[in-house]
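Asker: Take this structure, written in structure tokens, and hold onto it; I'll ask about it next.
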Amino acid sequence: MRASSEQAHLRICATSDLHAHLLAYDYYADRPVDTFGLSRLAALIETRRAEASNSVLFDNGDLLQGNPLGDYLALTPGGDTWDVHPMIAAMNAVGYDAATIGNHDFNYGLAVLERAMAGAAYPVVLANVTRRSPKGAPLFAPFTILERTIICGTGQKQPLRIGVIGLTPPHILQWDSHHLFGRVDVCDMLEAAAEYLPQMRDAGADLVIALCHAGLGADDHQAGMEDAIIPLAALPGIDVIVAGHHHLVFPGEDYRVRPSVDPIAGTIHGKPTVMPGFWGNHLGIIDLLLERSGKGWRIAASQCQAEPLQEHPQTETTAQEDPRVTAAARTSHQATLRYSRRTIGRTDTRLHTYFGLINDASAVNVMHQAQIWHAQQRLAGTELEEMPLLSAAAPVKTGGRAGTDFFTDIPAGALALRHVADLCYYPNALRIVRIKGRDVHAWLERAARIFRQIQPGIADQALINGAIPSYNFDTFHGLTYEIDISRPALGEACPSSDRPRVQNAAFRGAALNFDQDFLVVTNSYRLGGGGNLLDDGLDRLVPLGHESSRKVLERFIESQNSIAPHHQSNWRLAALPGTTVVFESHPRALTCLQQFGSDMLAPIGEAENGSIVFRLSL
């Protein structure tokens, strides 16, 4: 953008959902990569900031958690001895101007979060979370005003005051209730913004930027909504928005045109907006042409983009890793490798999730076995010991919005600690709930929303609803059932259906009794309402202690001579003669076809993203 004498060009750069991907390294596969990582993105940040006379750099949260490095630094004795958290040290070195807090930053508890953010050389802002004691005290400053001097088109220098406000999903109070309940209060994002926006203007903000760790959801505001970007953009007083949380890209093809949303220009209600992917695979860039208006500034024009770190992974060369970031990471990276490579057991079976959305996945069955094992230990000797016991778990890594390589694939042989993090991707806590058979059925029915409605007798219909993340597709161990995808999926607000998708549900060979009590082993995310699969989970909690899912899985593996979670058929898609559906998986899935009948599943081509398209005969 070219600025005249009364104008100035300001470039806003943004990251979101870095999830502890400090280096360009895949700890699960134990190998370097070239498609993500702050160490590679930092070089692009440096280049894009150097192109602009005036620039600022922000992070939109979900910084601390997301891979074995993050777990090692937060949870492992010896790994938590840092003075400045390496992610923060790297961001200090790169020169961030401000940041907010994402929902996953609360996964390790308030002590880790506050200790980490205390090392930031830049302001950390969060407007909708306050402390219980002292009542109403902010956890972090709700907003900041950055005093900057900008260079106009003629070279003249002028002051610019940039207000930055931070917002995070209110659902953190449920998702991480074991860390946050009774310690903080969380309010609606728009409610908080409406309170502080006038204060920011009164403090002299010429420009207000909202760092909102949320995605694009409904057009209209609903109290406590998780993905509030669209109604937030409608608030007067906000000029620019950085979005996140969904691990998607805006502007771009991830979003459709709506009356308030222009996914080509990158505006929502006319406000410049960017969502820069995840793990450092994109850099959000908003170029503003600012024009003097009285004593302040107004936005005369804007351009938005989410620039990929590497547009064509198989052919293009990416930037080298930034030495400032690698220096900040060196010690913790090597310690993480030593820790995560420690052998804890063996598997007789290849563990993968390549077909986790069409049948039971061996990698998910490991989690089921560990959860049942843990619950039986906890329940032994209690009045609940003889109650029917089920396990709920999801095939988290199934490609989709996280990318074509996002699958679990662990060969038969030695199991290391890094494999535990691969099998149990999120550091949730295990929980046991007591619910009725009808609640189990409703849970399954909601999980089945991941499938599109299929018309019988038609070939090659798209199977998966990409708007539903696979971590919200719980499967159940201890039941057998079918999912009839010719029937419509439940709407978000519909608690029941006259034509349920879940059919022939049975427990120990008998039809599922809707009035029978069951114990279900699940996790703290689901218990707190994550995915809207379980109603009133906190009210149905069986109080039998607190232990992380990963620690339970680690103990289970160590307790066995060798695990053998062979392919099981707890559930299946119901037969629809003359009907075929298509879905995508990784090319390595071709080596796992032996678990299916030769006439049931077949590869039919390659997608633009390098995935293999499979045809499934129903």
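For what it's worth, this note's numbering labels the leading residue of the sequence shown as 5, then goes sequentially. Think of the CB as a built atom: it goes at the ideal place given N, C-alpha and C, for glycine as much as any other residue.
#1: Find the nearest neighbour of His108 within the set Ala196, Cys191 and Ala218, judged by alpha-carbon distance.
#2: Among all the DSSP beta bridges, which residues are the ones paired with Ala515?
#3: Under 8 Å, do Ala93 and Ala332 count as touching if we go by C-beta distance?
#4: In the DSSP assignment, find the alpha helix (DSSP H) that holds His372 and state where it starts and stops.
#5: For a test of the three-state rule: what should DSSP assign to His182, helix, strand or coil?
#6: Any idea if Glu320 is buried or exposed, counting beta-carbon neighbours within 10 angstroms, 16 or more meaning buried?
#7: Between the region 575 to 592 and the region 546 to 563, can you find at least three pairs of beta-carbon atoms closer than 8 Å?
#8: Excluding the five sequence neighbours on either side, which residues of its own chain have a C-beta within less than 8 Å of the C-beta of Arg152, listed in chain order?
#9: Of all the options Ala18, Phe62 and Asn613, which has the alpha carbon lying nearest to the alpha carbon of Asp409?
#10: How is the beta strand (DSSP E) around Asp521 delimited, first residue to last?
#11: Starting from Pro3, trace the beta strand (DSSP E) both ways and give me its first and last residue.
#12: Where DSSP assigns a beta bridge to Asp409, which residues make up the other side?
#13: Please classify Phe587: is it buried, with 16 or more other beta-carbons within 10 angstroms of its beta-carbon, or exposed?
#14: Assign Ser344 to buried or exposed, taking buried as 16 or more other Cβ atoms, counted over all protein chains shown, within 10 Å of its Cβ.
#15: Measure the C-alpha to C-alpha separation of Leu620 and Leu67 and round it to an integer number of angstroms.
#16: Ordered along the chain, which non-local residues of its own chain (more than five positions away) have a Cβ less than 7 Å from that of His662?
#17: What separation, rounded to the nearest whole angstrom, lies between the Cα atoms of Lys275 and Leu150?
#18: The beta strand (DSSP E) spanning Val444 covers which residue range?
#19: Measuring alpha carbon to alpha carbon, tell me which of Glu390, Trp575 and Ile348 ends up nearest Asp521.
#20: Counting along the chain, where does the beta strand (DSSP E) carrying Tyr200 start and finish?
#21: Pick from Gly300, Tyr430 and Ala416: whose alpha carbon is nearest that of Asn111?
#22: Expressed to the nearest angstrom, what Euclidean distance is found between the alpha-carbon atoms of Pro569 and Ala367?
#23: Cα separation between Ile233 and Glu562?
#24: So Arg350 is in the beta strand (DSSP E); what residue range does that whole segment cover?
#25: With distance defined between alpha-carbon atoms, name the residue in Ile472, Ala471, Pro473 and Arg456 nearest to Gln465.
#26: Could you work out which residue in Tyr29, Arg35 and Ala33 is closest to Arg44 when comparing CA atoms only?
#27: What's the C-alpha gap between Leu130 and Ser615?
#28: Give the straight-line distance between the Cα atoms of Asn469 and Thr402, rounded to the nearest whole angstrom.
#29: Starting from Leu605, trace the alpha helix (DSSP H) in both directions and tell me its first and last residue.
#30: If you draw a straight line from the C-alpha of Gln381 to the C-alpha of Asp488, how long is it?
#31: Can you tell me whether Cys596 is helix, strand or coil according to DSSP?
#32: Throw me the rounded Cβ distance for the Phe62 and Ala103 pair, which I believe falls under 8 Å.
#33: Would you mind working out which of Pro202, Arg205 and Asp539 sits nearest Ala451, comparing C-alpha positions?
#34: Give the list of continuous beta strand (DSSP E) stretches no shorter than 3 residues that lie fully inside the region 33 to 66.
#35: From the DSSP output, read off the bridge partner residues of Tyr485.
#36: Please name the residue in Gly82, Leu622, Val617 and Arg15 whose C-alpha comes closest to that of Thr340.
Answerer: Based on what the coordinates show:
#1: Ala218
#2: Ala510
#3: yes
#4: Ser366 to Leu383
#5: helix
#6: Legend: pLDDT at Glu320 = 42, less than 50; position of this residue unreliable, value from coordinates given subsequently. Exposed is the call here.
#7: no
#8: Asn58, Val60, Pro163, Leu164, Arg165 and Ile166
#9: Asn613
#10: Asp521 to Asn527
#11: Here the chain comprises residues numbered 5 to 622, so residue 3 is not present and cannot be evaluated.
#12: The partner list for Asp409 (beta bridge, DSSP) is empty, contrary to what the question assumes.
#13: buried
#14: buried
#15: 38 Å
#16: For residue 662 there is no data in the structure shown, the boundaries of the chain being 5 and 622.
#17: 20 Å
#18: Looking at the DSSP string, Val444 is not in any beta strand (DSSP E); the run it does join, the alpha helix (DSSP H), is Gly441 to Ala451.
#19: Glu390
#20: Looking at the DSSP string, Tyr200 is not in any beta strand (DSSP E); the run it does join, the alpha helix (DSSP H), is Met193 to Asp206.
#21: Tyr430
#22: 8 Å
#23: 45 Å
#24: Thr347 to Thr351
#25: Arg456
#26: Tyr29
#27: 39 Å
#28: 13 Å
#29: Here Leu605 belongs to no alpha helix (DSSP H); instead the beta strand (DSSP E) covers Leu605 to Glu610.
#30: 36 Å
#31: helix
#32: 6 Å
#33: Asp539
#34: 59 to 63
#35: Trp575
#36: Gly82
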